[in-house]
Amino acid sequence: MDQAVKKGATRRDFLYLTAGAMGAVGVGSAAWPLIDSMNPAADTLALGSTEVDISKVEVGSALTAVWRGSPLFIRHRTPDEIKSVRNMDWQSLRDAQSDEDRTLKAEWIVIKGVCTHLGCIPLGQKAGDPRGEFNGWFCPCHGSQYDVSGRIRKGPAPLNMFVPPYKFVTDTLLHVGDGHEFPNPGF
Amino acid sequence: MSGPKEKDKFDNKTVQWINDRLPIFTMMGKEYGQFQVPKNFNYFWNFGAIAMIMLGIMIVTGVFMAMNYVPSATDAFASIQHTEREVNYGWLLRYMHMNGASFFFIAVYIHIFRGLYYGSYKKPRELVWIFGVLLMLLMMATAFLGYTLPWSQMSGWGATVITNLFSAIPLFGGGIVTWLWGGFSVGQPTLNRFYALHFLLPFIICAVVFIHVWALHVSGSNNPAGVEPKSGKDTVPFHPYYTAKDSFGTVVFMTIYFAVVFFAPLILANPDHFKPFNPLQTPPEIVPEWYFLPFYAMLRSFTVGIKILGVTLISAKQQGVAAMFGSILILFFLPWLDKSPVRSARFRPVFKWALRLLVLNMVMLTYAGGLPAAGMALVMGRVGAAYYYFFFLVLLPYLGKNEKTLPLPESISEDYAACHPVIGGAKKALLPLALGLTMALAPHHAQAAEGTPPLPKISWPEQGIFGHYDKAALQRGFQIYRQVCSNCHSMKYVYYRNLEELGYTPDQVKALAATYQITDGPNENGQMYQRPGRPTDRLKAPFANPEQARAALNGALPPDMSNLVNAREGGPDYIYAILTGYEPAPNGFDLMAGHMYNKYFPGHQIAMPQPLTAGQVQFEDGTPNSLDNEARDVAQFLDWASNPHMEQRKQMGLKVILFMLAFAGILLATKRKVWSDVT
Ligand code: FES
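Note that the protein sequences, when read in sequence, are chains A and B.
FYI, the numbering for the first sequence is 73 to 259, going by the working numbering.
FYI, the numbering for the second sequence is 734 to 1412, going by the working numbering.
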């Protein structure tokens, strides 16, 4: 008798628990489509890559293209600028990365022009823009300063500006969105 | 919920019938009719009711705004302009809604201060407090979501900055941000979902308000003495005593609110909120609405990451984000941080001053948050954040154990007798109200473009409560627009028919419109064609699209002028200043090619060649065409274009304010009469 009651109780508990767990799984799986529906839609994802003609960008000047709804900074660097970001102790930088790891060709730096602090667009592309102490880019929102390699040097931003995957189709045509993948620590 | 009870008896048969089936009248009677409330409330106790009314106003104006709003990245900005300009009383809806948010926050912040000052978070009201903090969080979320909807520069960039806060979360941060956006940057999917959530959250707020009030009605209200009622002599029924008092306080508060809505509707608004969102250009400064500034100041005040052995453990950004969210989360734990047995600050001499200091600290943080993030602003942010956390994490627990408190009154009646009549009560509540308003206004006046002289202050005929536009000047201003500005600048929200407001007859407007060739179509052959303009057309734009403008103008894009006055700090003064501010560049000033020197333009380099010179326009009415006159007229015309309903607004405002003052008088008399039997 006692045994039977106990057995009944265990069985009931088991059924209760199983039913509860299945309910939880059901609700959980129903929630996922809802949550995932908020991720980028297929057509948004499809617009992932773009081609940019850089034939008219002279040494020392810059071009801003659009990639995935954000500005893409392309700068044709002078020999001095290249020297300033290559001949230096990069290991001690906040987001330690060498310029070689961030470029395909020394003359061209290609980065997503979005400040890694809170997403503003740094200044420095146009002549006359403030470029900060490191002659790269200056974020007007909270004062982050980047060097000509797009590396964070001063201010609140934690990371270097993002280098998108890209490749040179010809010497003057860039394909951005796929191609060489750069190590972007922290992204 | 409980089983059948003995039934209440009502005289009215219908009431009885309903009540027997759904005892709503029983409940109302219990919760508001006989509900006993301490009789010694001061005016601070009005702000809960005021906040509730503001919530109602926000929902009602919001629903009607929604009837005209288009949640589209290309059309949202225009749909707000349409609401303001074309929809009947649309300007009123918008101004009530956007200023309503500020006044809602003023009321809620004072309400929270009251809770802190009189210890309303203490046992047994912990849950009342916790749901209150939750309400504040929900309000903040709703306000933020709503701020993105006009899809202005401030909307889009505010949304970018705030959503990016989540990227501080280790590992998942980036994914969460993309998920929030529904894309790779703030765009159409973001706007659409923010709209849906902005519509949804207020109803959740209503539900939480219900819980907040329910919990309050279980524990009963706290009071300025902070001692519990002991007998019937300590309390009065909520109705009519506090319905009368709350009504009076609410009407006074609303009078101030209406004064802002009708006479200074843009005083709290950032000019960048009137420029359409450009995802490729961040405005020089991103400033959130004033009610977020203290928290924003804390966010920005961390600039150095914590490193161990060269590896960044916690970045400056993570610290800032943690400090900001932490400052609100900490409030949830307040009932356990402060264990002092005495509730009211009146009997806690040290706590009282520490709390007042906290209020000043918040004002300082508000001010700092509105300044550019450098130098003093960062220092103030750090000091402010430090005191904030010190107050909650160190001072409160310490004082709770060690403070020498003053003797408490025997009972509420004794306290009431000692403090009554509390003439100071109203003044006391006015002080935080004034403080709230200064907090709201502080950042606005802190901003002035660096390196430019102060703008000349012109006295415009449209200024002041009784001011109105000078029609002759508007016509002259329009003439200048037509002959000069319209070569480069569009005015796409103004129609030819609107020009009748300048004093032109319908026939004149018709004739004028017909002088322009407008592209229309497609016709039955599928072709676009040209036809003479009609009064119902928008003012013809000089260029078909921005790219064409840039190609023709050396890369510069002249802004649309329909909204220009509202989109510039200083309004018409700024327009006048720019038009008269051209000068030869000082020696040594490095002017870029294709640019002119203008002493009032931020940075002094302006791409627009000097548009107006003395004698340039032959006024049709023979007014002398000095540069000064030309600049004034065109500035006034642009003010009209930005604020076409200004005169109607002020006239209506006068009536509303007079009505409210009379209403407040009657309510004050009612309140006195009701309270005359309380001793
Ligand atoms: S977003 Fe660039 S510094 Fe904050």
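A virtual CB, placed ideally from N, CA and C, is assigned to each residue, including glycine.
For a contact defined as C-beta to C-beta under 9 Å, what are the partners of B:Ser1060 on chain A? The premise fails here: B:Ser1060 is roughly 17 Å from chain A at the closest Cβ pair, so nothing lies under 9 Å.
Can you give the beta carbon distance from B:Glu1302 to B:Pro1004, rounded, assuming they're within the 8 Å contact cut? With a beta-carbon spacing of about 5 Å, B:Glu1302 and B:Pro1004 fall inside the 8 Å limit used to define contacts.
Going by the beta-carbon positions, is the gap between A:Val248 and A:Thr122 smaller than 8 Å? Result yes, Cβ atoms of A:Val248 and A:Thr122 sit closer than 8 Å.
Quick check on A:Glu153: buried or exposed, where buried means 16 or more other Cβ atoms within 10 Å of its Cβ? Buried, since its Cβ has 16 or more Cβ neighbours within 10 Å.
Are B:Pro1009 and B:Ser805 close, meaning C-beta to C-beta below 8 Å? It is not a contact, given that the beta carbons lie outside the stated cut-off.
Member of A:Pro151, A:Pro202, A:Asp125 whose CA lies at the smallest distance from the CA of A:Val241: Cα-wise, what sits closest to A:Val241 is A:Asp125.
Could I get the ranges of all uninterrupted alpha helix (DSSP H) runs contained in the stretch 1203–1237 of chain B, with 4 residues as the minimum, in chain order? Taken in chain order, the complete alpha helix (DSSP H) segments of 4 residues or longer contained in the stretch 1203–1237 of chain B are 1204–1216.
Comparing alpha-carbon positions, which option in B:Lys1072, B:Leu1163, B:Ala1049 lies nearest B:Asn1132? Asn is not the amino acid found at residue 1132 of chain B; the sequence shown has Leu there. Looking only at B:Lys1072, B:Leu1163, B:Ala1049, the smallest Cα-Cα distance to B:Leu1132 is reached by B:Lys1072.
What residues from chain A crowd round B:Ala1107, counting only those whose CB sits closer than 8 Å? Chain A residues near B:Ala1107: Gly215.
Does the CB of A:Pro148 have a neighbour CB from chain B at under 8 Å? Reading off the sequence shown, one finds His at residue 148 of chain A, where the question assumed Pro. So, not an interface residue.
Which of helix, strand or coil does DSSP assign to A:Glu123? Of the three classes helix, strand and coil, the one that applies to A:Glu123 here is strand, per DSSP.
What do you get for A:Asn256, buried or exposed, if any count of 16 or more other CB atoms within 10 angstroms of its CB means buried? A:Asn256 comes out buried.
Whole angstroms are fine: how far does the CA of B:Tyr842 sit from the CA of B:Ile1000? Going by the C-alpha atoms only, they are around 20 Å apart.
Answer with yes or no whether the minimum CB distance from A:His247 to chain B is below 8 Å. Under the 8 Å criterion on CB atoms, A:His247 is classed as non-interfacial with respect to chain B.
Output, in chain order, the set of chain B residues within a Cβ distance shorter than 8 Å of A:Ile193. The CB of A:Ile193 comes closer than 8 Å to the CB of Leu1013, Gln1014, Thr1015 in chain B, given here in chain order.
Within 8 Å of any Cβ in chain B, is that where the Cβ of A:Ser281 sits? No answer is possible for residue 281 of chain A: it lies beyond the span of chain A, which begins at 73 and ends at 259.
Taking the Cβ atom as the reference point for each residue, do A:Val182 and A:Ile224 lie within a distance shorter than 8 Å? Not in contact: A:Val182 and A:Ile224 (Cβ atoms no closer than 8 Å).
B:Glu1018: contacting residues in chain A (beta-carbon distance under 9 Å): Within chain A, the residues near B:Glu1018 are Pro212, Cys213.
Length of the line joining the Cα atoms of B:Phe1392 and B:Arg1365: Cα-Cα distance, rounded: 36 Å.
Measuring CB to CB, does B:Asp1306 end up less than 8 Å from B:Ile1191? Yes.
Taking 7 Å as the line, does the beta carbon of A:Gly191 fall inside it for any heavy atom of the ligand FES? Yes, the ligand FES has a heavy atom inside 7 Å of this Cβ.
Any beta-carbon of chain A closer than 8 Å to the one on B:Phe905? Closer than 8 Å: no.
Tell me the rounded alpha-carbon separation between B:Tyr880 and B:Gln1381. It is roughly 26 Å from the alpha-carbon of B:Tyr880 to the alpha-carbon of B:Gln1381.
Listed from N- to C-terminal order along the chain, which residues in the stretch 1018–1037 of chain B have their beta-carbon within a distance smaller than 8 Å of any beta-carbon of chain A? Those residues of the stretch 1018–1037 of chain B that come within reach of chain A (Cβ to Cβ, closer than 8 Å) are Glu1018, Ile1019, Arg1033, Phe1035, Thr1036.
Look at the alpha carbon of A:Pro228 and the alpha carbon of A:Asp85, and state the distance between them as a whole number of angstroms. Per the coordinates, the alpha-carbon of A:Pro228 lies some 55 Å from the alpha-carbon of A:Asp85.
Which residues of chain B have a Cβ atom closer than 9 Å to the Cβ of A:Val138, listed in chain order? Pro1012, Leu1013, listed in chain order.
Do B:Thr1015 and B:Trp890 have their C-beta atoms closer together than 8 Å? Their beta carbons are under 8 Å apart, which means B:Thr1015 touches B:Trp890 by this criterion.
Could you check which residue in B:Tyr974, B:Gly1336, B:Leu1013 has the C-alpha nearest to that of B:Gly920? When only C-alpha atoms are compared, the closest one is B:Leu1013.
On a Cα-Cα basis, can you pick out the residue from B:Leu1163, B:Tyr828, B:Ile783, B:Asn955 that is closest to B:Thr976? Out of B:Leu1163, B:Tyr828, B:Ile783, B:Asn955, B:Ile783 has the C-alpha closest to the C-alpha of B:Thr976.
Chain A contact residues for B:Gln1281, given Cβ-Cβ distances below 8 Å: The premise fails here: B:Gln1281 is roughly 19 Å from chain A at the closest Cβ pair, so nothing lies under 8 Å.
Which bits of chain A does B:Met1261 rub up against, with CB to CB less than 8 Å? Here the premise fails: no neighbours, minimum Cβ distance about 28 Å.
With a threshold of 16 other CB atoms inside 10 Å of the CB of A:Tyr92, please say whether the residue is buried or exposed. Residue 92 of chain A is actually Gly in this sequence, not Tyr. Burial state of A:Gly92 is exposed, judged by a 10 Å Cβ sphere holding fewer than 16 other Cβ atoms.
Three-pair Cβ contact test at 8 Å for the stretch 771–786 of chain B versus the stretch 979–996 of chain B: The answer is yes - the stretch 979–996 of chain B touches the stretch 771–786 of chain B, with three or more Cβ pairs under 8 Å.
B:Ala1056 beta carbon less than 8 Å from that of B:Phe1035: The Cβ atoms of B:Phe1035 and B:Ala1056 sit closer than 8 Å to each other.
Through-space distance from B:Arg847 to B:Ile863, alpha-carbon basis: Taking the straight line joining both Cα atoms gives about 15 Å.
Which runs of the beta strand (DSSP E) fall wholly inside the stretch 975–1053 of chain B and span at least 3 residues, in chain order? Within the stretch 975–1053 of chain B, the complete beta strand (DSSP E) runs of at least 3 residues are 1039–1041, 1044–1047.
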